[in-house]
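First residue of the sequence shown: 15, per this note's numbering; consecutive thereafter. Structure record follows, encoded as structure tokens.
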Amino acid sequence: METTDEEAKHVGNLFHVISDLERIGDHAENLLGYANRIIENNLTISEDAKNQLDSLVKNIYIIYQEACEHLYCPEQIRYDQIYQLEDRIDNIVEDMKTDNIRRLNESICKSQEGLIFVETLVDLERISDHCLNIAQASRIRYHHTVVEEKVLEPVQAVQ
């Protein structure tokens with residue numbers, strides 16, 4: 015039995031999704047490594063940085079949930095809101111990098127702690143990018159098979 019062009023496109027999209035999920039796992043392993051370096055070297059993260067990371071992780075968790083949900087229910091895609099949240103995450107990360115430089119300049123944190131913080135931000139931001147890729151794959155699949163799009167409640171970012 016031969017596959018149709020539509021089925022072939024769908025399979026291709028799924029391979030891209032699998033790759034994005036695998037990369038998310040790679041970034042999660044990196045994050046675990048950073049946490050281990052902090053523990054092994056008795057480093058500390060300032061309360062300000064911890065609070066920023068907490069907010070960022072919550073936003074990334076939201077975008078991850080939304081993207082994965084749309085793999086199963088592509089008709090409920092809120093792609094525009096997911097895209098806006100991913101863009102917001104990019105802006106939050108840039109603000110956090112600026113705050114990290116300020117903390118380094120004010121000797122609130124050590125250079126090794128600041129470096130780990132930036133490495134953490136890079137991996138978290140990349141997870142967000144992969145989530146957007148997953149949402150895009152769901153959107154492509156959905157729009158190839160259905161003409162109209164349902165209007166749903168917007169995705170809410172965490173402050």
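Backbone N, C-alpha and C define an ideal beta-carbon position, used for all residues, glycine too.
- The Cβ atoms of Glu-127 and Leu-57 lie closer than 8 angstroms to each other.
- For Leu-57, no alpha helix (DSSP H) run applies, since DSSP gives it neither H nor E.
- According to the DSSP assignment, Cys-82 belongs to the alpha helix (DSSP H) that extends over 61-86.
- Closest in alpha carbon position to Asp-143, among Asp-62, Thr-112, Tyr-75 and Arg-51, is Tyr-75.
- A straight line joining the alpha-carbon of His-30 with that of Asp-94 spans about 20 angstroms.
- Measuring C-alpha to C-alpha distances from Gln-98 to each of Asn-44, Asn-27, Tyr-48 and Glu-80 identifies Glu-80 as the nearest.
- Counting only residues of its own chain and dropping the five nearest sequence neighbours on each side, Leu-118 has a CB closer than 6 angstroms to the CB of Gly-128.
- DSSP places Thr-112 in the uninterrupted alpha helix (DSSP H) bounded by 93-119.
- Approximately 19 angstroms separates the beta-carbon atoms of Arg-102 and His-41; this is outside 8 angstroms, ruling out the contact.
- Between the alpha carbons of Ile-38 and Gly-26 lies a gap of roughly 19 angstroms.
- By a beta-carbon distance limit of 8 angstroms, Ser-152 contacts His-84. Their separation comes to about 4 angstroms.
- The criterion of a C-beta distance shorter than 8 angstroms is not satisfied by Val-136 and Asn-114.
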